[in-house]
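**Q**
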Amino acid sequence: MNFSDVLSSIATDGADFTITVGEDWLQGRATFGGLVAAAGNETMRRLVPRDRPLRSLQTTFVGPAAPGTWRIKARVLRLGKAVTLAHCEIVDRDQIAAIQVGVYGGPRPSAALVKRQTPSAPRAVEELSEVRYQPERGSPAFVQHFAMRWAQGAKPFSGERSPATIAYIRHRDVAPLTESHVVALVDCIPTPALSMFKAPAPASSLVWTLEFIEHDFDFAPERWWRIDTDLDAAADGYVQQSGALTDPEGRQIALTRQLFAVFG
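0 is the number of the first residue of the sequence shown in numbering that gives the first Met the number 0; add one for each residue after it.
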């Protein structure tokens, strides 16, 4: 299923919603976390008008979500003059898989204005080879839906200490990009902590906060985005990392922070 096909499968079921996800979105034994987060955001968008852009999406991954049909319970927590807060629970087989809070806010005049500058990348995307999807070597199934090119940092399971990565990324889905497409895109690169392992080892995102600065997603699907990721700390099997997403025009449009558990 293409990403847009998954989002199109969202349907109402009484007071709740349902969504159907195929096995081609697996990441180990669970569904790719970026898709889980995007599914929740897209469902909350059924309750929140698009004229209030997504400002922050906070996701706690409670348990693994298997391929199949999930139930999503969404509601508006507060409707203010400029800001709407929404909440959803993603439920798989009567078990909560994820809990989310979305903050959607319309623009208003303000004296506070700071534009983030994107540092230069060490290499241009045209100079880089694309990461191949190799299921025979353990590539997670969801990887087939994204194109990736590494510009800086070691790749997973290379046995190198590489606390920072820069990668160019895009969807392979040819459908027009949406806000939820970009939510999933941010999460498609593995944590840099996995570069320290010499053999495949699992990692699981526990908490993810994504904050949007800009809201222009009107780019052709084949254009490249850029994700910069840094490890802030790692100890006792837990990893804290932060990052920034840059759009095809070179603007930093989103900030991301995640807490991972790593096993090994």
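We put the beta carbon where it would ideally sit given N, CA and C, even for glycine.
Using only CA atoms, which one of A233, A85, T42, P106 lies nearest to L193?
**A** Measuring from the Cα of L193, the nearest candidate turns out to be A233.
**Q** Just tell me which of A10, V75, K72, Y167 has its CA closest to the CA of E125.
**A** The option with the nearest alpha carbon to E125 is Y167.
**Q** In the DSSP assignment, what residue or residues form a beta bridge with W223?
**A** W223 pairs with nothing; no bridge assigned.
**Q** Can you give me the start and stop residues for the beta strand (DSSP E) that G105 sits inside?
**A** Careful: G105 lies outside any beta strand (DSSP E) and carries neither H nor E.
**Q** Cα separation between R51 and K80?
**A** Roughly 11 Å between the two C-alpha positions.
**Q** Of the choices H214, S119, P155, whose alpha-carbon is the least far from that of R225?
**A** Comparing Cα positions, the closest option is S119.
**Q** Using only CA atoms, which one of A29, I188, I9 lies nearest to L46?
**A** The shortest Cα separation from L46 among A29, I188, I9 belongs to I9.
**Q** A65 lies in the beta strand (DSSP E); which residues open and close that run?
**A** Counting along the chain, A65 falls outside any beta strand (DSSP E), and DSSP gives it neither H nor E.
**Q** Going along the chain, which residues of its own chain have a beta-carbon closer than 8 Å to the beta-carbon of A64, five neighbours each way excluded?
**A** Same-chain partners within the cutoff: V20, A29, T30, V35, I89, D91, A96, A97.
**Q** With C-beta atoms as the reference, is T17 less than 9 Å away from W69?
**A** For T17 and W69, yes; Cβs fall inside 9 Å.
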